[in-house]
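Trainee: This is the structure I have questions about; it appears just below.
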Amino acid sequence: MSKRAFSVISPTELTSPVVFASPHSGSYYEPSFVQGTILNQQQIRSSEDAFVDQLFADVPGFGAPLLLATQPRAYIDLNRAPGELDPALIEGVPRRGQNPRVASGLGVIPRVVANGRAIYHGKMPRQEALQRIDQIWYPYHAALQGLLRQAHDRFGQAVLIDCHSMPHEAVANLPTHRAALPEVVLGDRFGSSAATEVMDQVEAAFVQAGLRVVRNAPFAGAYITQAYGRPSRRQHAVQVEIDRSLYMDEAQVRPNARFAEVKALMGQVAGLIAKIGIDQDGRRLAAE
Numbered sequence: 000m001s002k003r004a005f006s007v008i009s010p011t012e013l014t015s016p017v018v019f020a021s022p023h024s025g026s027y028y029e030p031s032f033v034q035g036t037i038l039n040q041q042q043i044r045s046s047e048d049a050f051v052d053q054l055f056a057d058v059p060g061f062g063a064p065l066l067l068a069t070q071p072r073a074y075i076d077l078n079r080a081p082g083e084l085d086p087a088l089i090e091g092v093p094r095r096g097q098n099p100r101v102a103s104g105l106g107v108i109p110r111v112v113a114n115g116r117a118i119y120h121g122k123m124p125r126q127e128a129l130q131r132i133d134q135i136w137y138p139y140h141a142a143l144q145g146l147l148r149q150a151h152d153r154f155g156q157a158v159l160i161d162c163h164s165m166p167h168e169a170v171a172n173l174p175t176h177r178a179a180l181p182e183v184v185l186g187d188r189f190g191s192s193a194a195t196e197v198m199d200q201v202e203a204a205f206v207q208a209g210l211r212v213v214r215n216a217p218f219a220g221a222y223i224t225q226a227y228g229r230p231s232r233r234q235h236a237v238q239v240e241i242d243r244s245l246y247m248d249e250a251q252v253r254p255n256a257r258f259a260e261v262k263a264l265m266g267q268v269a270g271l272i273a274k275i276g277i278d279q280d281g282r283r284l285a286a287e
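Under numbering that gives the first Met the number 0, the first residue of the sequence shown is numbered 0, with each subsequent residue one higher.
See below:
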């Protein structure tokens, strides 16, 4: 079942404490899922972080592993807790105590895609939802935990770079007093999921590549950064959101003319981030 959940592209030699992961770029749509949705092919992909896996494909060359989801976000959202079940979609789930994400249809089994478009006609049996979580959510997170543990054991610390993309409209609607719109949003849950020096180095890598960066607005990080960011234990988690309009045609869900350029920039960024915690001679830095 794990092959249905994720793939790991490992470096020839592990030389970095950084783990890169893309939980929302999965693009294998189960035939039964496609048949059961009321959306067309492009609509169902609107919440997918399309091509993020390709943007970061160079990561293993810098001595760091790359964890990739296989299944799409519309099928199961790996950036949600397994208990975030939506009573409006899943049979037998009580309505009390649901959080705003679940209430808006964005639970671990999403009810809607971008712009609030419903995925299904009616409700889903609870057993079907639990089966998706057992077969996909738990294997993916077990792999992520294993990679972070491996990094921590080897280097005395681990840094998770949780890679995402955001619709251009997410930043286009920011206050107009900004001189220029941000192209990358970094989230560390306002300092709770990563040490300041780690966040500074991640930001510096994107800035050095010529990209405009802001922190924690409009995205500060969701379940993954909250669950895995433990700076006091030298395990850091930073969410990265890249403006989709930089590298893809959002309406057609296909790469645009700048895709190769942006992919090269992400390779440059990944190479810099992979050096976090490693000195110029390739040795790990002393623990704090």
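Even glycine gets a Cβ: it sits at the ideal position worked out from N, Cα and C.
Roughly how many whole angstroms lie between the Cα atoms of Val170 and Ala216?
Mentor: When rounded, the distance between both Cα atoms is 9 Å.
Trainee: In or out: Glu240 buried (at least 16 other Cβ within 10 Å) or exposed?
Mentor: Its Cβ being crowded by 16 or more others within 10 Å, Glu240 is buried.
Trainee: Compare the Cα-Cα distances from Ile89 to each of Ile108, Ser164 and Arg253 and report the closest residue.
Mentor: Per the Cα distances, Ile108.
Trainee: Would you mind working out which of Ala56, Arg3 and Arg188 sits nearest Ala259, comparing C-alpha positions?
Mentor: Among Ala56, Arg3 and Arg188, the Cα nearest to that of Ala259 is on Ala56.
Trainee: Work out the CA separation of Ser164 and Val213 for me, nearest whole Å.
Mentor: If I take the Cα positions, the gap works out to 14 Å.
Trainee: Helix, strand or coil for Ala259? Go by DSSP, reduced to three states.
Mentor: Of the three classes helix, strand and coil, the one that applies to Ala259 here is helix, per DSSP.
Trainee: Looking at Ala4 and Tyr222, is the spacing between their C-beta atoms short of 9 Å?
Mentor: No, the Cβ-Cβ distance between Tyr222 and Ala4 is not below 9 Å.
Trainee: Between which two residues does the beta strand (DSSP E) harbouring Phe32 extend?
Mentor: Unbroken run through Phe32 is the alpha helix (DSSP H), Pro30 to Gly35; no beta strand (DSSP E).
Trainee: Buried or exposed: which applies to Asp76, given that a residue is buried once 16 or more other Cβ atoms fall within 10 Å of its Cβ?
Mentor: By the 10 Å Cβ count, Asp76 comes out buried.
Trainee: Less than 6 Å between C-beta atoms, sequence neighbours within five positions excluded: which residues of the same chain meet that for Gly145?
Mentor: Excluding residues within five positions, none has a Cβ falling inside 6 Å.
Trainee: What does DSSP give as the partner residues of His235 in its beta bridges?
Mentor: His235 pairs with Val158.
Trainee: In whole angstroms, what is the alpha-carbon distance linking Ala20 and Pro254?
Mentor: Looking at the two C-alpha atoms, the distance is approximately 20 Å.
Trainee: Contact between the region 118-129 and the region 150-163 is defined here as three or more beta-carbon pairs at a separation below 8 Å; is this criterion met?
Mentor: Touching, no.
Trainee: Ends of the alpha helix (DSSP H) at Ala169?
Mentor: Start and end: His167 to Ala171.
Trainee: Where Arg72 and Val112 are concerned, what is the direct C-alpha to C-alpha distance, given to the nearest angstrom?
Mentor: Spanning the two alpha carbons is a distance of roughly 9 Å.
Trainee: Looking only at DSSP bridge pairs, what is Ile89 linked to?
Mentor: For Ile89, which the question treats as bridged, DSSP gives the partners Met123.
Trainee: May I ask whether a heavy atom of the ligand HEM can be found less than 8 Å away from the beta carbon of Val206?
Mentor: Absent from the structure shown: the ligand HEM. Ligands present: none.
Trainee: Any contact between the region 38-58 and the region 266-275? By contact I mean 3 or more CB pairs, one from each, below 8 Å.
Mentor: Yes: the two stretches touch, three or more of their Cβ pairs being nearer than 8 Å.
Trainee: Check this for me: beta carbons of Gln219 and Asp199, under 9 Å apart or not?
Mentor: A small correction: the amino acid at residue 219 is Ala; Gln does not occupy that position in the sequence shown. Result no, Cβ atoms of Ala219 and Asp199 do not sit closer than 9 Å.
Trainee: Going by CA-CA distance only, name the one from Arg94, Ala150, His151 and Ala87 that's closest to Lys122.
Mentor: Closest by alpha carbon: Ala87.
Trainee: Give the straight-line distance between the Cα atoms of Ala102 and Ala80, rounded to the nearest whole angstrom.
Mentor: Their Cα atoms are separated by approximately 14 Å.
Trainee: Here's a check: name, in chain order, each residue in its chain whose Cβ is nearer than 6 Å to the Cβ of Leu210, leaving out the five neighbours to either side.
Mentor: So the list reads Glu182 and Val183, once near-sequence residues are dropped.
Trainee: Who are the Cβ neighbours of Ser1 in its own chain at under 6 Å, not counting the five residues just before and after it?
Mentor: Residue placement at Ser1 is poorly supported in this model, since its pLDDT is 48, which falls under 50; the coordinates still yield a value, given next. Once the five neighbours on either side are set aside, the close Cβ partners of Ser1 are Pro138.
Trainee: Determine whether the beta carbon atoms of Ala193 and Gly155 lie at a separation below 9 Å.
Mentor: Contact: no.
Trainee: Can the beta-carbon of Ala142 be found closer than 9 Å to that of Val7?
Mentor: In this structure, Val7 lies closer than 9 Å to Ala142 by Cβ.
Trainee: Ignore the nearest five residues each way along the sequence and tell me which others in Ser244's own chain have a CB closer than 6 Å to its CB.
Mentor: His167.
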